[in-house]
DNA sequence: TGAAATGTTGGGGCG
DNA sequence: ACGCCCCAACATTTC
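Numbering (the working numbering), first residue to last: 9 to 500.
Okay, structure coming up:
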C-alpha cells in the first residue's frame with residue numbers, strides 16, 4: 009500500500025483543504041451536484057482512490073420543514089437516473105440509500121471498508137448543521153472528510169464589507185464580488201475507479217424504492233416541458249449562449265417569449281455548475297451577457313444572505329415586519345394557487361407554475377406582489393407553495409425572492425412599490441401572448457382588454473377580480489404605515 | 001427589477 | 001401682442 013497521500017482541494021476560491029488518505033476506497037457522497045463535469049469532489053476522489061462508491065442518500069427528514077417538494081422530487085428522480093447512467097459509462101455506478109444521512113453513510117462506509125468521504129458543500133442551514141455533526145462523528149471513527157465548493161462561485165463567509173460585516177445591498181456586494189477570482193471549470197470526469205469488489209453487499213436500493221415520482225400522474229406538463237440531466241443542461245447552456253443571451257437584457261422581462269436560459273432547475277440539482285455557466289456567459293461581450301451574469305450573482309447573493317442570516321428562511325430579515333398585519337382568507341390563497349384571481353397575468357403565471365413546475369421570473373415578482381400586497385397573505389405561505397410546485401425550488405433563492413418582493417429582505421423592493429397587475433401585463437406581455445397561452449378562456453378578447461377582462465363587457469367563464477387592486481393597494485400602504493409608526497413608538 | 005400623485009413646461013387656441 | 005386657459009409631455013415627489 010502506498011503511503012499517505014496529500015490531496016489539495018481543487019477549490020478555486022483558494023481555500024485549499026488538505027486531505028490525508030491511507031486506504032484505497034472512498035465514498036463520494038453526492039447531494040446537489042448530480043454531474044460529471046466541473047465536479048470537484050468526484051474528480052479529486054477519482055484521482056486519489058483505487059475504488060470509489062458514488063452514493064446518494066434520499067434523506068428528506070434531514071431537511072426538516074424544507075424537505076424537497078413534489079416538483080423537486082419529480083426532477084430528482086430523472087436526474088438521479090441520468091447521473092447513474094453517466095457513472096456507469098465511466099465504469100462505476102450509483103449506490104442509493106434512504107433514511108437519515110448519518111446512519112446510512114456509516115453503514116456504507118463499513119460495508120465498503122472506505123476510509124474517506126468526499127463531498128461538495130451544501131449551504132442551507134439544516135444541511136450545514138447536519139454535515140457539521142457528520143464531520144464530528146466521522147472524525148471519531150477515523151474517517152476523513154474532503155469537502156469542496158462545487159455549487160457557488162464564491163465562499164459566502166469570505167466576502168465582507170470594510171467594517172467586517174456582511175453586505176446587505178446587492179450593488180455593493182456585486183462590486184466586491186467582481187474582485188473574486190473565479191476558477192475555470194474542471195474537465196468532465198470520464199473514467200472512474202470501479203466500485204469495490206463487495207459492491208453487491210452495499211445494499212443499494214432501486215430508484216423506484218425512493219418513491220420520488222407522483223402516485224397519480226399530474227406530471228404530463230412536466231414531461232413535455234423538461235429534459236432532465238447533465239447533457240440536457242449543457243445543451244441548453246450552449247444554445248442560450250449561442251443565441252438568446254445577446255438580447256437577454258430586454259427579452260428576459262417578456263414572459264411570452266423564451267428570453268431566459270431556463271437553467272434554474274439544472275443549477276439547483278447541480279447538473280451544471282455556476283462556474284460552467286459563468287465561464288460560458290463571460291465569453292460574450294455586450295449588455296445581454298453582463299445582465300445575465302449579474303442575475304447569476306443574485307443567486308450567489310441569496311446564498312450569501314442565507315449563510316449569514318440562517319433564520320431568514322422563515323423570519324423576515326427586517327424584524328419590524330414581524331408585526332405586519334397579515335390577513336387574507338384561505339379561499340383567496342386557494343384562488344391564487346389555482347390561478348383564479350381574475351387578474352390574467354397573475355393567473356397565467358400560477359397556471360404555468362402548476363402545469364410546468366416553473367414560472368418566468370418577471371411573473372414570479374408579479375404574483376408574489378399580488379399575494380403579499382393585494383391579498384396581504386404572509387409571504388411564507390407563498391414561499392411554501394413555490395417550494396412544493398417549483399422544479400427549481402431552492403431555499404436561498406426562494407427566501408430571497410419572497411423577502412425582496414415583500415419589502416422585508418436585504419436590498420428589498422420598498423414595501424410601497426406595489427405592482428399593478430394590469431399595467432405589468434400591458435408592459436411585459438403587450439400582445440397578450442403569454443396570457444392567452446395559459447388562460448385560454450379569455451383568449452378571444454381583443455388585446456386592448458386582455459389584461460382587464462372585466463372592462464370588455466363580454467361574458468366569460470373567468471372570475472371577476474377577487475380584490476380591487478386600487479383599494480387593496482391603498483389598504484396595504486395603510487398597513488405598512490402602521491407598522492412604521494409602531495416601530496417609531498408612535499400612536500397605533 | 002413601480003405606480004400614482006403632483007409639479008413644471010411649453011405650444012396652441014382664443015378672447 | 002398679450003394674457004389666459006387647456007393639456008400633453010415630461011420630470012419630480014410621494015406612497
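Even for Gly, the Cβ is constructed at its ideal location relative to N, Cα and C.
Span of the beta strand (DSSP E) around residue 33:
Counting along the chain, the unbroken beta strand (DSSP E) around residue 33 starts and ends at 33-38.
Using the beta-carbon count (16 or more within 10 Å), is residue 30 buried or exposed?
At residue 30, the pLDDT of 40 sits below 50, so the modelled position is not reliable and the matter cannot be decided from this model.
For residue 65: DSSP bridge partner residues
In DSSP, residue 65 forms a bridge with 105.
Can you pull the DSSP bridge partners for residue 126?
Partner(s): 36 and 154.
Simplified DSSP assignment, three categories, for residue 60:
Collapsing the DSSP output to three states places residue 60 in a strand.
Using the three-state DSSP reduction, which class does residue 182 fall into: helix, strand or coil?
Correct three-state label for residue 182: helix.
So what does DSSP say about residue 259, is it helix, strand or coil?
Reduced to three states, the DSSP call for residue 259 is helix.
Report the residue from 107, 434, 480 and 485 whose alpha carbon sits nearest the alpha carbon of residue 461.
Taking each of 107, 434, 480 and 485 in turn and checking the Cα distance to residue 461, the smallest one comes out for 434.
By Cβ distance below 8 Å, which residues in the same chain neighbour residue 67 in space, the five residues on each side in sequence not counted?
Apart from sequence neighbours up to five positions away, the residues of its chain that approach residue 67 with a beta-carbon distance below 8 Å are 106, 107, 108, 109 and 112, ordered along the chain.
Roughly how far, in whole angstroms, is the beta-carbon of residue 78 from the beta-carbon of residue 201, given that I think they are within contact range, below 8 Å?
No, residue 78 and residue 201 are not in contact; Cβ-Cβ is about 36 Å, not under 8 Å.
For residue 111, which of helix, strand or coil comes out of DSSP?
In the structure shown, residue 111 adopts helical secondary structure according to DSSP, grouped into three states.
At a cut of 8 Å, does the segment 414-422 reach the segment 166-182 through at least three beta carbon pairs?
In short, these stretches touch, since the Cβ pair count reaches three.
With DSSP collapsed to three states, give me the class of residue 332.
DSSP places residue 332 in the coil class of the three-state scheme, outside both helix and strand.
Taking only the alpha-carbon atoms, compute the straight-line gap between residue 229 and residue 446 and give it to the nearest angstrom.
Spanning the two alpha carbons is a distance of roughly 12 Å.
Are the segment 184-199 and the segment 77-91 in contact at 8 Å, needing three or more beta carbon pairs?
Counting C-beta pairs closer than 8 Å gives fewer than three between the segment 184-199 and the segment 77-91, which falls short of the contact rule.
Near residue 414, what residues of its chain come up, given a Cβ to Cβ distance below 6 Å and the 5 sequence neighbours on each side ignored?
Cβ within range, chain order: 380 and 387.
Please state if the CB of residue 278 and the CB of residue 159 are separated by a distance shorter than 7 Å.
In this structure, residue 278 lies closer than 7 Å to residue 159 by Cβ.
Tell me whether the beta-carbon of residue 267 lies closer than 7 Å to the beta-carbon of residue 259.
Contact: yes.
Between residue 315 and residue 165, how many whole angstroms is the CB-CB distance? I'm expecting something under 8 Å.
Their Cβ separation, rounded to whole angstroms, is 7 Å, which keeps residue 315 and residue 165 in contact under 8 Å.
Report yes if the C-beta distance between residue 350 and residue 472 is below 7 Å; otherwise report no.
A contact, by the Cβ cut-off of 7 Å.
Rounded to whole angstroms, what's the CA-CA distance from residue 59 to residue 302? Just pull it up for me.
Residue 59 and residue 302 have their C-alpha atoms some 41 Å from each other.
Helix, strand or coil at residue 166 [DSSP, three-state]
The three-state secondary structure of residue 166, taken from DSSP, is helix.
Once you ignore the five residues that flank residue 185 on each side, which residues in its own chain have a CB closer than 6 Å to its CB?
Here the set comprises 305.
Locate the alpha helix (DSSP H) running through residue 306, then write down its first and last residues.
Here the alpha helix (DSSP H) through residue 306 covers 295-316.
I want to know whether the segment 82-101 touches the segment 270-284 - three or more CB-CB distances under 8 Å.
Yes, since at least three Cβ pairs between the segment 82-101 and the segment 270-284 fall closer than 8 Å, the two stretches touch.
Secondary structure of residue 230, DSSP reduced to three states:
Correct three-state label for residue 230: helix.
Which class does residue 245 belong to by DSSP, given the choice of helix, strand or coil?
Helix, per DSSP.
Do residue 448 and residue 368 have their CB atoms nearer than 7 Å?
Not in contact: residue 448 and residue 368 (Cβ atoms no closer than 7 Å).
Smallest Cα separation from residue 35: which of 321, 120 and 97?
Checked all of 321, 120 and 97; the closest Cα to residue 35 is 120.
Rounded C-alpha distance that separates residue 249 from residue 438
Straight-line Cα distance between these residues: approximately 26 Å.
In angstroms, rounded to a whole number, what distance separates the CA positions of residue 55 and residue 285?
One C-alpha to the other measures close to 25 Å.
Out of curiosity, what's the CA-to-CA distance linking residue 343 and residue 489?
Using only the alpha carbons, I get a separation of about 27 Å.
Buried versus exposed call for residue 376 [16 or more other C-beta atoms within 10 Å across all chains shown]:
By the 10 Å Cβ count, residue 376 comes out buried.
Does the segment 479-489 touch the segment 452-461, meaning 3 or more C-beta pairs lie closer than 8 Å?
At 8 Å Cβ cutoff, the stretches do not touch.
Using DSSP with H/G/I as helix, E/B as strand and the rest coil, what is residue 409?
Helix at residue 409.
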